[in-house]
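Below: one structure, written as structure tokens.
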Amino acid sequence: MIDWETYEKLVIEHLSRKISSSDNPDQHQAISAPTYQSQFLVAGPGSGKTTVMVLKILKFIYVDDVHPSSILATTFTRKAASELRSRILSWGDKIRQVLLKDPEFIEVHTYLHRLDFNQIITGTLDCISEDVLRTHRDPGASPPVVIEEFVASGLMLRIGLFDGDKHHNDDLKDYLKKLRGTAYGLNTPEMARNLLEIKDRLYYDQVYWNQLLEYKDHPGFLLALESVACYTQYLKDHMLHDFASLEAEFLDQLEKDKLDKFTSQLKMVLVDEYQDTNLLQEKIYFQLAKHALNNKGSITVVGDDDQSLYRFRGATVDLFTQHPERIHDQLNLTPSTYLP
Numbered sequence: 002m003i004d005w006e007t008y009e010k011l012v013i014e015h016l017s018r019k020i021s022s023s024d025n026p027d028q029h030q031a032i033s034a035p036t037y038q039s040q041f042l043v044a045g046p047g048s049g050k051t052t053v054m055v056l057k058i059l060k061f062i063y064v065d066d067v068h069p070s071s072i073l074a075t076t077f078t079r080k081a082a083s084e085l086r087s088r089i090l091s092w093g094d095k096i097r098q099v100l101l102k103d104p105e106f107i108e109v110h111t112y113l114h115r116l117d118f119n120q121i122i123t124g125t126l127d128c129i130s131e132d133v134l135r136t137h138r139d140p141g142a143s144p145p146v147v148i149e150e151f152v153a154s155g156l157m158l159r160i161g162l163f164d165g166d167k168h169h170n171d172d173l174k175d176y177l178k179k180l181r182g183t184a185y186g187l188n189t190p191e192m193a194r195n196l197l198e199i200k201d202r203l204y205y206d207q208v209y210w211n212q213l214l215e216y217k218d219h220p221g222f223l224l225a226l227e228s229v230a231c232y233t234q235y236l237k238d239h240m241l242h243d244f245a246s247l248e249a250e251f252l253d254q255l256e257k258d259k260l261d262k263f264t265s266q267l268k269m270v271l272v273d274e275y276q277d278t279n280l281l282q283e284k285i286y287f288q289l290a291k292h293a294l295n296n297k298g299s300i301t302v303v304g305d306d307d308q309s310l311y312r313f314r315g316a317t318v319d320l321f322t323q324h325p326e327r328i329h330d331q332l333n334l335t336p337s338t339y340l341p
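In this note's numbering, the protein residues as written are 2 to 341.
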């Protein structure tokens, strides 16, 4: 639509972001890279990583003519996702208004009027998983019903603990005490919370049931697994999902190529706060990257190994620090590394 030099000038003059090669060479390289170049951006606090992500996305649209619906950008909190989306909409429209007022670009004015930045897929991975599974489900299939954490806790209490009076079982209590490292505060709601954490780690760490059953060193261990199994079976029987099972279902459908209407148009994948990624999510991102690469696109991951906040959800900073090696092993892809 417009060339890079024009885009760079618009960003500097109207968005007040210095992205020239002389002012900020790393940001310049990261933003100006071609669509087929996958990137690994190691960005610390205050480095402007959100700015880089937004300007890369807008560059894909304005310079590379990538359709907004072909771009997926995700981050780890709803607040961060909202900020990312807000900035895309704001900055994208500022550039559009400048171009619309300039007769030099009259031949693209019709396209600019139709341009809809809301078609960019943004949000947390949970939200994106739910939206894609809802929008691209098989004909006749029910949309996913996702329960909130307080509902999950209530179900674990009722299905996992009260059923069979497991909440009174001394072996289960002793196992959870050892797992927690303390007996302090181990009431029934806390037992349910601990069991949900075990369930989440099974999903997020990609641990399989047949592997777990080999470890029978504590009688309470099998009771914990039984409680978790009853809970997960209840969700399955009633076509419900919590956040962990939702992501697992999203991965399953991606691996089985059941979301081809979604993946066939996916071209650019951008992931913020990658240091908070767990093994389940890494598999999802690699599946998304595989389809983006097939469509002659790329994946960009951004993170800071000093800021991992989601280790309680199975996140491991090694997935970030070793990302170039891991994605090369899985997809034969070597991302370019930048320090914006």
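Where a beta carbon is used, it is the ideal one built from N, C-alpha and C, also for glycine.
Query raised in the report: Quick one, which of 38, 112 and 125 has its alpha-carbon nearest residue 81's?
Result: By one-based count along the sequence shown, residue 81 stands at place 80. The shortest Cα separation from residue 81 among 38, 112 and 125 belongs to 125.
Query - Buried versus exposed call for residue 171 [16 or more other C-beta atoms within 10 Å across all chains shown] - result: Here residue 171 is taken as the residue at index 170 of the sequence shown, counted from 1. By the 10 Å Cβ count, residue 171 comes out exposed.
Query raised in the report: Along the chain, which unbroken stretches of the alpha helix (DSSP H) at least 4 residues long are found entirely within the stretch 224–296?
Result: Runs found: 244–256, 261–264 and 280–295.
Requested in this report: Just the C-alpha distance for residue 74 and residue 275, rounded to the nearest angstrom, thanks.
Outcome: Against the sequence shown, residue 74 aligns to sequence position 73. Against the sequence shown, residue 275 aligns to sequence position 274. About 12 Å.
Query raised in the report: Nearest CA to the CA of residue 1: which residue from 78, 43, 9 and 76?
Result: No statement about residue 1 is possible, as the shown extent of the chain runs from 2 to 341 and does not include it.
Report task. Please list the segments of the alpha helix (DSSP H) lying wholly inside the stretch 35–118, counting only runs of 4 or more residues, in order along the chain. Result -> 50–63, 79–102 and 110–115
Query raised in the report: Which residue or residues does DSSP assign as beta-bridge partners of residue 300?
Result: Sequence index remark: in the sequence shown, residue 300 carries index 299 (1-based). Residue 300 is bridged to 270.
Query raised in the report: If you count every other CB in all the chains shown that lies within 10 Å of the CB of residue 35, and 16 or more means buried, which is it?
Result: Locating residue 35 in the sequence shown gives position 34, counting from the first residue. Residue environment: residue 35 is assigned as exposed (fewer than 16 neighbouring CB atoms within 10 Å of its CB, all protein chains considered).
Report task. Give the DSSP bridge partners of residue 146, in chain order. Result -> For this step, residue 146 is matched to residue 145 along the sequence shown. According to DSSP, residue 146 shares a beta bridge with 241.
Requested in this report: Compute the distance between the beta-carbons of residue 154 and residue 193, then report whether it is under 7 Å.
Outcome: As a working note, residue 154 is residue 153 in the sequence shown. As a working note, residue 193 is residue 192 in the sequence shown. Yes, the pair counts as a contact, with Cβ atoms nearer than the cut-off.
Query raised in the report: Quick one: is residue 244 buried, meaning 16 or more other Cβ sit within 10 Å of its Cβ, or exposed?
Result: Taking the sequence shown and counting its residues from 1, the one referred to as residue 244 is at position 243. Flag for residue 244 reads buried.
Query raised in the report: Looking only at DSSP bridge pairs, what is residue 122 linked to?
Result: As a working mapping, residue 122 is identified with position 121 in the sequence shown. Residue 122 has 73 as its beta-bridge partners, per DSSP.
Query raised in the report: When the Cα atoms are used, what is the spatial distance from residue 248 to residue 108?
Result: In the sequence shown, the residue the question calls residue 248 occupies position 247. In the sequence shown, the residue the question calls residue 108 occupies position 107. Their backbone Cα atoms lie some 43 Å apart in a straight line.
Query - Strand pairing of residue 339, partner residues [DSSP] - result: On the sequence shown, residue 339 is found 338 positions in, with the first residue counted as 1. In the DSSP output, where bridge partners are listed per residue, residue 339 has 42.
Report task. Report the rounded CA-to-CA distance for residue 110 versus residue 134, giving the unit in angstroms. Result -> On the sequence shown, residue 110 is found 109 positions in, with the first residue counted as 1. On the sequence shown, residue 134 is found 133 positions in, with the first residue counted as 1. For residue 110 and residue 134, the distance between alpha carbons rounds to 35 Å.
Requested in this report: Just tell me which of 83, 196, 272 and 301 has its CA closest to the CA of residue 229.
Outcome: For the purposes of this step, residue 229 is identified with residue 228 of the sequence shown, where counting begins at 1. Minimum Cα distance to residue 229 is reached at 196.
Query - Nonlocal neighbours in the same chain, by C-beta distance under 7 Å from residue 11, ignoring five residues either side - result: Taking the sequence shown and counting its residues from 1, the one referred to as residue 11 is at position 10. If we look at residue 11 and ignore the five residues flanking it on each side, its Cβ neighbours are 96 and 99.
Query raised in the report: Can you tell me whether DSSP reads residue 140 as helix, strand or coil?
Result: Indexing the sequence shown from 1 puts residue 140 at position 139. Three-state result, residue 140: coil.
Report task. Using three-state DSSP, classify residue 29 as helix, strand or coil. Result -> Here residue 29 refers to the residue found at position 28 of the sequence shown. Three-state result, residue 29: helix.
Query raised in the report: If you count every other CB in all the chains shown that lies within 10 Å of the CB of residue 333, and 16 or more means buried, which is it?
Result: To locate residue 333, count along the sequence shown from 1; it is residue 332. Under this definition residue 333 is an exposed residue.
Requested in this report: Report the rounded CA-to-CA distance for residue 69 versus residue 339, giving the unit in angstroms.
Outcome: Your numbering for residue 69 matches position 68 in the sequence shown. Your numbering for residue 339 matches position 338 in the sequence shown. Residue 69 and residue 339: Cα-Cα distance of roughly 25 Å.
Query - CB contact flag (residue 284, residue 252, <7 Å) - result: The sequence position of residue 284 within the sequence shown is 283, counting from 1. The sequence position of residue 252 within the sequence shown is 251, counting from 1. In this structure, residue 252 lies closer than 7 Å to residue 284 by Cβ.
**Report entry** Continuous alpha helix (DSSP H) stretch holding residue 192: start and end
**Finding:** Position 191 of the sequence shown, counted from the start, is the residue given in the question as residue 192. Looking at the DSSP string, the run of the alpha helix (DSSP H) that includes residue 192 is 189–205.
Query - As assigned by DSSP and simplified to three states, the class of residue 2 - result: Position 1 of the sequence shown, counted from the first residue, corresponds to residue 2. Note: residue 2 maps to coil in three-state DSSP.
Query raised in the report: Below 8 Å, can you find three or more Cβ-Cβ pairs linking the stretch 116–132 to the stretch 149–163?
Result: no
Report task. Can you say whether residue 5 is buried or exposed, counting buried as having 16 or more other CB atoms within 10 angstroms of its CB? Result -> Counting from one through the sequence shown, the residue named residue 5 turns up at place 4. Counting every other CB atom within 10 Å of its CB across the protein chains shown gives residue 5 a total below 16, marking it as exposed.
Query raised in the report: According to DSSP, is residue 154 helix, strand or coil?
Result: What you label residue 154 is simply residue 153 of the sequence shown in a count that begins at 1. DSSP places residue 154 in helix when its eight states are reduced to three.
Query raised in the report: Given residue 20, which residues of its chain have a CB within under 7 Å of its CB, disregarding the five upstream and five downstream residues?
Result: If you number the sequence shown from 1, residue 20 lands on position 19. Excluding positions up to five away in sequence, the list reads 9, 12, 13, 28, 29, 32 and 56.
**Report entry** DSSP-derived helix/strand/coil call for residue 164
**Finding:** Taking the sequence shown and counting its residues from 1, the one referred to as residue 164 is at position 163. Coil.
**Report entry** The alpha helix (DSSP H) enclosing residue 322, as first and last residue numbers
**Finding:** In the sequence shown, residue 322 corresponds to position 321, counting from 1. Residues 319–322.
**Report entry** C-beta contact flag for residue 207 and residue 320 at 7 Å
**Finding:** Start at 1 with the first residue of the sequence shown, and residue 207 comes out as number 206. Start at 1 with the first residue of the sequence shown, and residue 320 comes out as number 319. Result no, Cβ atoms of residue 207 and residue 320 do not sit closer than 7 Å.
Query raised in the report: Can you name, in chain order, every residue of its own chain whose Cβ lies under 7 Å from the Cβ of residue 86, other than the five neighbours on each side?
Result: What you label residue 86 is simply residue 85 of the sequence shown in a count that begins at 1. Only 123 meet the Cβ criterion.
Query raised in the report: Around the Cβ of residue 240, are there at least 16 other Cβ atoms within 10 angstroms (buried) or fewer (exposed)?
Result: Here residue 240 is taken as the residue at index 239 of the sequence shown, counted from 1. Residue 240 should be labelled exposed.
Query - Collapsed DSSP secondary structure at residue 313 in the structure displayed - result: The residue you call residue 313 lines up with position 312 of the sequence shown. Only weak support exists for where residue 313 lies, its pLDDT of 44 falling under 50; the coordinates are left without a value.
Query raised in the report: Would a C-beta distance cut-off of 7 Å place residue 300 and residue 71 closer than the cut-off?
Result: One-based indexing of the sequence shown puts residue 300 at position 299. One-based indexing of the sequence shown puts residue 71 at position 70. In this structure, residue 71 does not lie closer than 7 Å to residue 300 by Cβ.
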